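**Student:** Have a look at this one.
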Amino acid sequence: MMRGGPLSYAAFGGCPGLGLFSDTLEPALEDTKGAVEPRPARTWIVAALIFGFAAAIRVVYVLALRDHPRFEAPAMDAGYHLAWAKALATGTEFRDGPLFRAPLYPGFLALLWKLTGGSLLGVRIVQALLGGVTAALTYRLGRRVASEAAGRVAGVMVAISWTMVAFDAELLIPVLLAPLLLVALELAVVWFDSTGDATPAPNLGPGFRRRFPQSLIVGTAFGLAAIARPNVLLFMPVLFGFSIWKSRRVMPALWLTLGTLLPILPVTVHNALEGDVSLIATQGGVNFWIGNNPASDGAAAIVPGTRDGWWEGYFDSIAMAEEAEGRDLRPTEVSAHYRSRAFDWMSAHPLDAFRHLAWKARLLFANVEIANNQDMRFVAFRTLPALRYSPARWGILLGLGSVGLVWLALRGPKERRAGVALLASFAVVYGFSIVLFFVNARFRLPLVPILSVGTGATLAGIVGALRSGRWVRVGALALPALLILTLSFIMPKGIVQSDANGLAELGRAELALGRPEQALEYLEEAIRANPASVQVRMALASAIVAAGQNPERALLLLEEARSLPRGADLVELEVQILDTRLSAGDTEGALRAARAALSKHPRDGALRFVVARAEAMSGNARGALDRFEALLADEPTNVAVARVIGQILAQIGPREDAIRAYERVLDLAPFATPEILREAEEQLRKLRVPAGR
Numbered sequence: 002m003m004r005g006g007p008l009s010y011a012a013f014g015g016c017p018g019l020g021l022f023s024d025t026l027e028p029a030l031e032d033t034k035g036a037v038e039p040r041p042a043r044t045w046i047v048a049a050l051i052f053g054f055a056a057a058i059r060v061v062y063v064l065a066l067r068d069h070p071r072f073e074a075p076a077m078d079a080g081y082h083l084a085w086a087k088a089l090a091t092g093t094e095f096r097d098g099p100l101f102r103a104p105l106y107p108g109f110l111a112l113l114w115k116l117t118g119g120s121l122l123g124v125r126i127v128q129a130l131l132g133g134v135t136a137a138l139t140y141r142l143g144r145r146v147a148s149e150a151a152g153r154v155a156g157v158m159v160a161i162s163w164t165m166v167a168f169d170a171e172l173l174i175p176v177l178l179a180p181l182l183l184v185a186l187e188l189a190v191v192w193f194d195s196t197g198d199a200t201p202a203p204n205l206g207p208g209f210r211r212r213f214p215q216s217l218i219v220g221t222a223f224g225l226a227a228i229a230r231p232n233v234l235l236f237m238p239v240l241f242g243f244s245i246w247k248s249r250r251v252m253p254a255l256w257l258t259l260g261t262l263l264p265i266l267p268v269t270v271h272n273a274l275e276g277d278v279s280l281i282a283t284q285g286g287v288n289f290w291i292g293n294n295p296a297s298d299g300a301a302a303i304v305p306g307t308r309d310g311w312w313e314g315y316f317d318s319i320a321m322a323e324e325a326e327g328r329d330l331r332p333t334e335v336s337a338h339y340r341s342r343a344f345d346w347m348s349a350h351p352l353d354a355f356r357h358l359a360w361k362a363r364l365l366f367a368n369v370e371i372a373n374n375q376d377m378r379f380v381a382f383r384t385l386p387a388l389r390y391s392p393a394r395w396g397i398l399l400g401l402g403s404v405g406l407v408w409l410a411l412r413g414p415k416e417r418r419a420g421v422a423l424l425a426s427f428a429v430v431y432g433f434s435i436v437l438f439f440v441n442a443r444f445r446l447p448l449v450p451i452l453s454v455g456t457g458a459t460l461a462g463i464v465g466a467l468r469s470g471r472w473v474r475v476g477a478l479a480l481p482a483l484l485i486l487t488l489s490f491i492m493p494k495g496i497v498q499s500d501a502n503g504l505a506e507l508g509r510a511e512l513a514l515g516r517p518e519q520a521l522e523y524l525e526e527a528i529r530a531n532p533a534s535v536q537v538r539m540a541l542a543s544a545i546v547a548a549g550q551n552p553e554r555a556l557l558l559l560e561e562a563r564s565l566p567r568g569a570d571l572v573e574l575e576v577q578i579l580d581t582r583l584s585a586g587d588t589e590g591a592l593r594a595a596r597a598a599l600s601k602h603p604r605d606g607a608l609r610f611v612v613a614r615a616e617a618m619s620g621n622a623r624g625a626l627d628r629f630e631a632l633l634a635d636e637p638t639n640v641a642v643a644r645v646i647g648q649i650l651a652q653i654g655p656r657e658d659a660i661r662a663y664e665r666v667l668d669l670a671p672f673a674t675p676e677i678l679r680e681a682e683e684q685l686r687k688l689r690v691p692a693g694r
């Protein structure tokens, strides 16, 4: 598929006149007056070819991904988005109160869920096609700010980028955010480069333009992107300044502001009606603390001291904030609590905070795709091995792309320089917004198309200079790009790339689906790949217990994890040790230890669960039920607790209460694994027969 490389004539199907290295090369980096641009019809043909090429790769990838255990049962952020989308699609309540996350992607996912009849394969196929649109939009943007050749290279780079391919198949925000940002950026470039551009602006009709100023349209596009990912708003003051500088008037900037607010205000009103005032979402303060605390590594997306699970971590973070403040908190107050903690730490330890920001900047520039919910490098290369040979890697795009953008801004056609500067400014501001929080592969993914545009300009310029014998220009482009590329490929200290985390995630997925034997195979392989991983040891211990094997081995793994880096302070590790002691038969000892720990942390959800489970195992079923019900009241989406309540009531009765308990499990279907739902349905069938239901 990629035999000729991304710059080959064959990359465009061998169509006459569509080779990348045509007479349009040289205008990438110098005045384009008099240059012959392809006819509009031919431009659409190129865009269609790039779309088809990119979409085909993504569809093949999605079809190959079907064997992954998370394909039909996504977890963490993807699972959260799917649960929210299902609730929207079925008209059921998801969570009361203001929005914790920006709503656009879950709404988009709900629409796809309805249109495809609830088929996750269908949803992912549509997203694959949207990924093809992203590649075509990248071509258009590259053609507009650089040249035809640069646009083609940029489009192909996005088409074959393994990170873009992999994330386009995930139920995550970047698949929608990337094309939205490309549309917004092209509209902004058209707005600034409306004169002297060889590429015609989109024809929206004179009546449309009279009624809706361009700056209003640009603002609306960025506002839509902001309700997908709110940190886009950090760029708006820059765009506001660009507007005043370019037009020498304030009115376009005001229209820009109004346009930005148009998609956002309905979200703000919704939050206000739900009892709290938040512009878009309430997660900002929590995320800021995650990325700026003494224990942060700059990449891990977990609040220190919380459980390793989406909803578990969510409820733990609220409980910890309320315990610290000594009162119940509104969602915005929880956010403010963590934001204040982050600023307090940064102000008390400015040197440490500066070093930490520098470290995160290093992670941003490094040619390593840092995992968030799962190791996408492992998933992508295991799913479609050909992707490991893609040249569109972060370090290469960073080196070539940054040089290309700077060169275009300084030496490109004068009438296009404002648009290029706008593009480069967005890349800088968006990158800075990542460093402010924490760094991972999917957060920096929207920068890939922009860097691909710069990459296209650099490669087109180098080839054009080689053809014309301009060796100084070759060096001016190639040497700084090579330097940046080389620095990017130097692995940051402490970052180890192995398959251990990917294998562990496969094991956890199999365990969640009720297949402990398959989980053990993956986790045994993972522990061999990285025996020093605390998380892998914890997952393997869970699988050992679930498979009915000797819990003493699981306890040994967990006890050894205490001495490993980042093991001693993991609350979740201590809780799992207590839980495993219960499985090993040490009910009284585990109960005493759990009660002692709970007295120090009375709102810790994991400890409350272990104490309740220990009381049930010691014969105090009614006391355990009271504890479980109280925990479920505080964590209403905790389907594991609802399941245990059903199990206890099925044993001790009354039967009607057990039926209601399992019906409650089914009501929590958006948050449940297929195994839990199957168990609930089976138990209901058994319970209803004697009850005559």
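Numbering (our numbering), first residue to last: 2 to 694.
Backbone N, C-alpha and C define an ideal beta-carbon position, used for all residues, glycine too.
Only a predicted model underlies this, so the values are computations on that prediction, with no experimental measurement involved.
Starting from Q375, trace the alpha helix (DSSP H) in both directions and tell me its first and last residue.
**Tutor:** From DSSP, Q375 is part of no alpha helix (DSSP H); its letter is neither H nor E.
**Student:** Do I58 and the ligand SAM come close, with the Cβ less than 7 Å from some heavy atom?
**Tutor:** Looking at this structure, you won't find the ligand SAM or any other ligand, since it has none at all.
**Student:** Let's test the definition: count the other Cβ atoms within 10 Å of the Cβ of S698 and tell me whether it reaches 16, buried, or not, exposed.
**Tutor:** Since the first residue of the chain shown is 2 and the last is 694, residue 698 is not available in this structure.
**Student:** Output the distance between the C-alpha atoms of L388 and E334, rounded to the nearest integer angstrom.
**Tutor:** Taking the straight line joining both Cα atoms gives about 45 Å.
**Student:** Evaluate F610 with the Cβ neighbour count: other Cβ atoms within 10 Å of its Cβ, from every protein chain shown; 16 or more gives buried, anything less gives exposed.
**Tutor:** Flag for F610 reads buried.
**Student:** How would you label M321, buried or exposed, when you count the other beta carbons within 10 angstroms and need 16 or more for buried?
**Tutor:** Under this definition M321 is a buried residue.
**Student:** If you drop the 5 nearest sequence neighbours on each side, which residues of the same chain put their C-beta closer than 7 Å to that of A659?
**Tutor:** Around A659: G647, L650, A651 and L688.
**Student:** What separation, rounded to the nearest whole angstrom, lies between the Cα atoms of A55 and V159?
**Tutor:** For A55 and V159, the distance between alpha carbons rounds to 8 Å.
**Student:** Smallest Cα separation from A547: which of L512, L358, R308 and L437?
**Tutor:** Among L512, L358, R308 and L437, the Cα nearest to that of A547 belongs to L512.
**Student:** Reducing DSSP to helix, strand and coil, say where A349 ends up.
**Tutor:** Helix.
**Student:** Based on Cα-Cα distance, which residue from G306, A325, N293 and R328 lies nearest to L352?
**Tutor:** The shortest Cα separation from L352 among G306, A325, N293 and R328 belongs to N293.
**Student:** State the start and end residues of the unbroken alpha helix (DSSP H) segment that holds T91.
**Tutor:** Looking at the DSSP string, the run of the alpha helix (DSSP H) that includes T91 is M77 to T91.
**Student:** Using a Cβ-Cβ cut-off of 8 Å, state whether A254 counts as contacting chain C.
**Tutor:** No chain C is part of this structure, which consists of one protein chain only.
**Student:** Rounded to the nearest angstrom, what separates V429 and L399 at their Cα positions?
**Tutor:** Each residue's alpha carbon lies about 12 Å from the other.
**Student:** DSSP three-state label for R250, please.
**Tutor:** Residue state, collapsed to three classes: coil.
**Student:** At which residues does the alpha helix (DSSP H) containing Y106 begin and terminate?
**Tutor:** Where Y106 is concerned, the enclosing alpha helix (DSSP H) stretches over L105 to L116.
**Student:** Return the CA-CA distance between A510 and M377, expressed in angstroms with no decimal places.
**Tutor:** For A510 and M377, the distance between alpha carbons rounds to 15 Å.
**Student:** At what residues does the alpha helix (DSSP H) containing P180 begin and finish?
**Tutor:** Note, P180: alpha helix (DSSP H), P175 to F193.
**Student:** Note the first and the last residue of the continuous alpha helix (DSSP H) segment covering V440.
**Tutor:** Looking at the DSSP string, V440 is not in any alpha helix (DSSP H), and its letter there is neither H nor E.
**Student:** For M539, count neighbouring C-beta atoms within 10 Å of its own C-beta (all shown protein chains included) and say buried if the count is 16 or more, exposed if not.
**Tutor:** It is buried - the Cβ of M539 has at least 16 other Cβ atoms within 10 Å.
**Student:** Run through the segment 634–673 for me and flag every whole alpha helix (DSSP H) of 4 or more residues, listed as ranges in chain order.
**Tutor:** Listed in chain order, they are 640–653 and 656–668.
**Student:** So, using beta-carbon positions, are V190 and R145 closer together than 8 Å?
**Tutor:** Contact flag set, yes.
**Student:** Measuring CB atoms only, is the segment 123–131 touching the segment 161–173, in the sense that at least three cross pairs come out at less than 8 Å?
**Tutor:** They touch, by the three-pair rule.
**Student:** Considering just the uninterrupted stretch of the alpha helix (DSSP H) at Y523, what are its terminal residues?
**Tutor:** Where Y523 is concerned, the enclosing alpha helix (DSSP H) stretches over P517 to A530.
**Student:** Over what stretch of residues does the alpha helix (DSSP H) that includes E560 continue unbroken?
**Tutor:** Run containing E560: P552 to A562, per the alpha helix (DSSP H) assignment.
**Student:** Would the beta-carbon of A103 fall within 8 Å of that of I228?
**Tutor:** Against a cut-off of 8 Å, the Cβ pair of I228 and A103 comes out as a contact.
**Student:** Checking 8 Å against the spacing of the C-beta atoms, do L240 and P264 come in under that value?
**Tutor:** No. Outside cutoff.
**Student:** Closest to F438 by CA distance: which of T384, A359, A466 and P386 is it?
**Tutor:** The shortest Cα separation from F438 among T384, A359, A466 and P386 belongs to A359.
**Student:** Comparing alpha-carbon positions, which option in F672, G476 and V304 lies nearest F95?
**Tutor:** With distances taken between Cα atoms, F95 lies closest to F672.
**Student:** If you count every other CB in all the chains shown that lies within 10 Å of the CB of P203, and 16 or more means buried, which is it?
**Tutor:** Only weak support exists for where P203 lies, its pLDDT of 48 falling under 50; the coordinates are left without a value.
**Student:** What number of angstroms, rounded off, separates the C-alpha of Y390 from the C-alpha of I161?
**Tutor:** Y390 and I161: Cα-Cα distance of roughly 10 Å.
**Student:** Kindly list the residues whose CB is nearer than 6 Å to the CB of L1, restricted to its own chain and excluding five residues on each side of it in sequence; keep chain order.
**Tutor:** The structure shown does not extend to residue 1, since the chain is modelled only from 2 to 694, so the question has no answer here.
**Student:** What is the DSSP secondary structure of I435, counted as helix, strand or coil?
**Tutor:** In this structure, I435 counts as helix in the three-state DSSP scheme.
**Student:** A354 to I435, Cα distance in whole Å?
**Tutor:** Using only the alpha carbons, I get a separation of about 15 Å.
**Student:** Pull up the distance between the alpha-carbon of S216 and that of A254, whole angstroms please.
**Tutor:** Approximately 7 Å, taken between the alpha carbons.
**Student:** Looking at the unbroken alpha helix (DSSP H) that takes in E506, where does it start and where does it end?
**Tutor:** Per DSSP, E506 belongs to the alpha helix (DSSP H) from A501 to A513.
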